[in-house]
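Worksheet: the structure to be examined is printed underneath.
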Amino acid sequence: MIEKSWFAGLNKKTTVAVLTGAGISKESGVPTFRDSDGLWKKFKPEELASFDAFISNPDLVWDWYQFRRDLIHKVQPNPGHFALAKIESLLPNFTLITQNVDNLHRRAGSRNVLEIHGNIDKNYCVKCQKRHDGTQFNGKKAPRCDCGGLVRPDVVWFGEMLPEKTIQAAFRAAEEADYFFSIGTSAYVYPAANLPVIAKMAGAVFIEINPQETPLSQQAHHFISMPSGEALPEILRILESIIL
Ligand code: BV8
Ligand code: ZN
Numbered sequence: 012m013i014e015k016s017w018f019a020g021l022n023k024k025t026t027v028a029v030l031t032g033a034g035i036s037k038e039s040g041v042p043t044f045r046d047s048d049g050l051w052k053k054f055k056p057e058e059l060a061s062f063d064a065f066i067s068n069p070d071l072v073w074d075w076y077q078f079r080r081d082l083i084h085k086v087q088p089n090p091g092h093f094a095l096a097k098i099e100s101l102l103p104n105f106t107l108i109t110q111n112v113d114n115l116h117r118r119a120g121s122r123n124v125l126e127i128h129g130n131i132d133k134n135y136c137v138k139c140q141k142r143h144d145g146t147q148f149n150g151k152k153a154p155r156c157d158c159g160g161l162v163r164p165d166v167v168w169f170g171e172m173l174p175e176k177t178i179q180a181a182f183r184a185a186e187e188a189d190y191f192f193s194i195g196t197s198a199y200v201y202p203a204a205n206l207p208v209i210a211k212m213a214g215a216v217f218i219e220i221n222p223q224e225t226p227l228s229q230q231a232h233h234f235i236s237m238p239s240g241e242a243l244p245e246i247l248r249i250l251e252s253i254i255l
């Protein structure tokens, strides 16, 4: 399944960029969005992950994020997250771009993480923009800021701009990558799904890890149809054997 020859010539100077999606957290017990048992099964994305949805039904959207926060706080990073953190420690030029808002990469020890869709543990007031990151909100109702404004999760909803500096850094990492891995993402949401294509067009070796085919699988130099929790430890072992 995974050939050592794919990584021939990879060394400490090699620039590597990785894009992850919800699939890398599946083996931690976090449901993905679009798998058959996914989060979108009951609700449509636009009904939950959009500003209009939040304003028209703040308690429903807030409660959905509370449900996900509570779940994420109970789970652990899995071997896929830990392997990526180890690979980062082997390679000085390594960038991890994630669409996930679940903090599991950082909890596994990854350091250079670009959270292009935000972070579920961060919040801010829609009226005065005051940050409410550390506050532990309990309860199902959308909390209010001391200015009276609604507090929202600091995640990127449909139709919202991605954090400018973060997405620019992600585009740069894709353009400069010698190797680009797309792991556990259905490559359905933009502009994230552009990143692997940008990398490949700029000359990177494009490797995709996903048990299912995606719209990008045909373009990958190597398509590894395995769960990331199995594939990444195997790739780590190969890299440890070739990087001196
Ligand atoms: C923007 C909120 C611009 C955070 C999310 C038409 C064409 C192109 C683009 C558009 C279009 N219409 C609209 C757009 C733009 C839109 C978009 O892409 N829409 C889609 C539906 C077509 N994008 C946006 O709106 C973005 N903003 O473009 O702004 C702009 C310009 C000017 C002015 C204003 C704005 C914002 C995008 C972010 C949306 N936010 N969620 C949250 O709640 O988490 S989207 C949601 O999907 C999550 O963020 C998630 O990160 C993202 C991607 O999902 P995946 O991570 O890929 O997860 P999924 O379930 O889909 O797939 C899981 C995969 O894992 C599967 O392939 C499965 O096979 C695999 N898997 C399963 N098990 C494993 C595994 N893999 C490995 N191992 C396993 N064990
Ligand atoms: Zn406020």
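The sequence shown maps to residues 12 to 255 in the numbering used here. Cβ coordinates follow ideal geometry from the N, Cα and C atoms, glycine included.
Scanning the region 124-195 for uninterrupted beta strand (DSSP E) segments of 3 residues or longer gives 124-126, 129-136, 162-166 and 190-194, listed from N- to C-terminal end. Shortest Cα-Cα distance from Gly159 to any of Glu175, Met172, Thr146 and Gln140 involves Gln140. The three-state reading of DSSP puts His232 in coil, since its state is none of H, G, I, E or B. Relative to ligand 1, the nearest heavy atom lies less than 7 Å away from the CB of Phe44. Ala28 carries a strand assignment under DSSP once its states are collapsed to helix, strand and coil.
DSSP places Val208 within a helical segment (H, G or I) once states are collapsed to three.
Taking the CA atoms as reference points, Leu206 sits about 11 Å from Ala213. Around the beta carbon of Phe105, 16 or more other beta carbons sit within 10 angstroms, so the residue counts as buried.
Contact between the region 17-24 and the region 34-48 is absent: fewer than 3 CB-CB pairs across the two stretches fall below 8 Å. Per DSSP, Ile218 is one residue of the beta strand (DSSP E) stretching across Val216 to Ile220. Within the model, the alpha-carbon separation for Ser193 versus His232 is close to 11 Å. Below 8 Å, too few C-beta pairs join the region 140-156 and the region 48-57 to call them touching: fewer than three.
If you look at Leu107, you'll find it in the beta strand (DSSP E) that goes Phe105 to Thr109.
Per DSSP, reduced to three states, the secondary structure at Ser252 is helical. Ranking Arg183, Trp51 and Gln223 by CA distance to the CA of Ala215 puts Arg183 first.
Taking each of Cys156, Asp144, Ile127 and Arg155 in turn and checking the Cα distance to Ile178, the smallest one comes out for Ile127. Secondary structure of Ser121 (DSSP, three-state): coil. DSSP assignment within the region 28-105 yields the following whole alpha helix (DSSP H) runs of 4 residues or more, N-terminal first: 34-37, 56-59, 62-67, 69-85 and 90-101.
About 6 Å separates the beta carbons of Ile249 and Phe18, which is inside the 8 Å limit, making them a contact pair. Shown here, Lys23 sits in coil according to DSSP, grouped into three states, outside any helix or strand. Taken from the Cβ of Gly145, every heavy atom of ligand 2 lies 7 Å or farther away. The residues Glu38, Ser39 and Gly240, in chain order, have a CB closer than 6 Å to that of Asn89 in the same chain once the five nearest residues on each side in sequence are set aside.
Shown here for Gly120: same chain residues with a beta carbon closer than 6 Å to its own, the five before and five after excluded, namely Ala96 in chain order.
Ser228 has its CB no nearer than 7 Å to any heavy atom of ligand 1. Distances between the C-beta of Thr225 and the heavy atoms of ligand 1 include at least one below 7 Å.
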